[in-house]
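Numbering (my numbering), first residue to last: 69 to 197.
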């Protein structure tokens, strides 16, 4: 008579460890709790925009390249301008504001950037300009 095989419920169990009573497979927990990579970059930009604006600038420029279609482009492009102003690089900040207006014509941070840099958004649509 062959020797009995190992108990499938105890496979991989250490001695003294509890054994599962059911045989249903364990499902992996969804990764929804972990932020997406572009959200992690955005959090880093937010964290450094005042305390280390050079780091925030670097992260914002990296985000543009790595995540060109992210829903967060509007915010990190605006934070790039904030980081440049915090470095007292006003000319570069104004140039990036024009970039912002070109790429986000109805952007949520238009008024903020106008107040920060004095750069007016270009009018959109037909009519005399």
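No residue lacks a Cβ here, since even glycine has one placed at the ideal position from N, Cα and C.
Nearest C-alpha to residue 176 among 139, 109 and 132: 139.
For residue 120, the secondary structure class from DSSP, reduced to helix, strand or coil, is coil. For residue 159, the secondary structure class from DSSP, reduced to helix, strand or coil, is helix.
Secondary structure at residue 103: coil, using DSSP grouped into helix, strand and coil.
By the 16-neighbour rule on beta-carbons within 10 angstroms, residue 191 is exposed. Put simply, the backbone Cα of residue 104 is about 28 Å away from that of residue 153.
The beta-carbon distance between residue 144 and residue 110, rounded to whole angstroms, is 6 Å. This is short enough to meet the 8 Å contact definition. For the pair residue 133 and residue 116, the Cα-to-Cα distance works out to about 19 Å.
Excluding residues up to 5 positions away in sequence, 152 lie with their Cβ nearer than 7 Å to the Cβ of residue 160 in the same chain.
About 10 Å separates the beta carbons of residue 187 and residue 167, which is beyond the 8 Å limit, so they are not a contact pair.
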